[in-house]
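Novice: Pasting a structure below so you can have a look.
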Amino acid sequence: MQKPSAYIGLVNPKSPTNVGMVMRAAGCFEVDAVFYSGTRFERARKFATDTKNAQSKIPLTHVDNLPEAPVNRVSIDNVPANGVKRVAIELIEGATPLMDFVHPEQAYYIFGPEDGSLKKEILDACDYVVYIPTIGCMNLAATVHVVLYDRMSKAGRDVISQRPISENRDVNNKIRI
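Here the numbering used here is used: the first residue of the sequence shown is 47, the next is one more, and so on.
Encoded structure:
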C-alpha cells in the first residue's frame with residue numbers, strides 16, 4: 047500500500063513571511079514538497095521566516111507551471127503519477143466546503159496568491175476545488191495550516207500514536223496534566 051502523500055503549490059507568493067509559515071506547516075504536517083510559481087518570492091526570499099528550518103527536509107522548488115509540478119514524479123503526459131489528485135483551494139462559488147471534502151490519499155493542494163485568485167486555467171487543471179467558509183478571505187499561511195490540519199484530522203486516530211506529544215513539543219515545554 048502506498049504511503050499517503052501531500053504536496054503544496056503556491057501561486058506567485060509575495061510574502062516571505064507567509065512562505066516561511068507555509069514551510070513550517072509543511073514540516074508539522076509531513077508535506078512531501080512545496081512548489082511555487084512567479085517571481086515575487088524569489089526577490090524576497092532572504093527574509094523568509096522558516097523558524098523550524100523545514101527547507102532542510104522538504105524541497106521548496108520554483109516551477110513555471112504549478113499544475114505540472116513534478117509531484118511524486120510526473121508521467122510523460124503531465125498527469126501526476128501514483129494517483130496524485132490536484133486540489134485547488136479557492137474562495138469561489140461552486141467549490142466544495144472544506145468540512146464536506148474527502149481528502150485524496152495522494153493530494154497536491156494549490157493555493158492562490160495573497161492578493162489575488164487562482165486563474166481559470168489552474169482551476170480547470172484541478173480535480174477538485176475546495177473552499178474554507180469564512181467571512182472574508184484568510185491569510186495564505188493560515189489557509190495552508192487549516193487545510194493540512196483538516197487532512198490530518200480526517201485521517202483517523204492513528205495519527206496520535208504516530209505523533210506523540212513528548213517527541214514533538216517544544217524543548218522548553220515539560221508541563222503535564
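Cβ coordinates follow ideal geometry from the N, Cα and C atoms, glycine included.
Just to check my reading of the structure: VAL175 and GLU139 have Cβ atoms closer than 8 Å, yes? What is that Cβ distance to the nearest angstrom?
Specialist: With a Cβ gap of about 10 Å, VAL175 and GLU139 do not count as contacting.
Novice: Taking its Cβ as the centre, do 16 or more other Cβ atoms sit within 10 Å of VAL125, making it buried, or is it exposed?
Specialist: Here VAL125 scores only 41 on pLDDT, less than 50, and its place in the model is too uncertain to base an answer on.
Novice: Does the beta-carbon of SER61 have 16 or more other beta-carbons within 10 angstroms, so that it is buried, or is it exposed?
Specialist: So SER61 counts as buried.
Novice: Per the contact definition of three or more C-beta pairs closer than 8 Å, is the stretch 49-59 in contact with the stretch 150-164?
Specialist: Output reads yes: the stretch 49-59 touches the stretch 150-164.
Novice: Rounded to the nearest angstrom, what separates SER51 and GLN152 at their Cα positions?
Specialist: Roughly 5 Å separates the two Cα atoms.
Novice: What are the start and end residues of the beta strand (DSSP E) that includes THR180?
Specialist: Note, THR180: premise wrong, no beta strand (DSSP E); not H, not E.
Novice: Mapping the DSSP letters down to three states, classify ARG222 as helix, strand or coil.
Specialist: Residue state, collapsed to three classes: coil.
Novice: Just list the residues that DSSP pairs THR189 with in beta bridges.
Specialist: For THR189, which the question treats as bridged, DSSP gives no partner whatsoever.
Novice: Please tell me whether MET184 and PHE75 are closer than 9 Å, where the distance is taken between their beta carbons.
Specialist: In this structure, PHE75 does not lie closer than 9 Å to MET184 by Cβ.
Novice: Give the DSSP-derived three-state secondary structure of ALA153 in the structure shown.
Specialist: Three-state result, ALA153: strand.
Novice: Exposed or buried, what is VAL20 when buried is set at 16 or more other beta-carbons lying within 10 Å of its beta-carbon?
Specialist: Residue 20 lies beyond the residue range present for the chain, which begins at 47 and ends at 223; the question has no answer from this structure.
Novice: Would you call PRO113 buried or exposed, if buried means 16 or more other Cβ atoms sit within 10 Å of its Cβ?
Specialist: So PRO113 ends up on the buried side.
Novice: What residues in its chain sit with their C-beta under 7 Å from that of VAL190, if we drop five residues either side in the sequence?
Specialist: The answer, listed in chain order, is ILE54, VAL68, ALA71, PHE157.
Novice: Taking its Cβ as the centre, do 16 or more other Cβ atoms sit within 10 Å of GLY66, making it buried, or is it exposed?
Specialist: The residue is buried, with at least 16 neighbouring Cβ atoms inside 10 Å.
Novice: In the DSSP assignment, the alpha helix (DSSP H) including LYS166 goes from what residue to what residue?
Specialist: Taken as a continuous stretch (DSSP letters only), the alpha helix (DSSP H) holding LYS166 covers 166-171.
Novice: Apart from the five residues on each side of it in sequence, which residues of its chain come closer than 7 Å, Cβ to Cβ, to LYS200?
Specialist: Answer for LYS200: HIS149, listed in chain order.
Novice: Assuming the contact rule is C-beta atoms closer than 8 Å, VAL80 and ILE104 should be a hit. Round their C-beta distance to whole Å, please.
Specialist: Indeed they touch by this definition, with Cβ atoms about 6 Å apart.
Novice: To the nearest angstrom, how far is it from the Cα of ARG222 to the Cα of ASP204?
Specialist: The straight-line gap from Cα to Cα measures roughly 22 Å.
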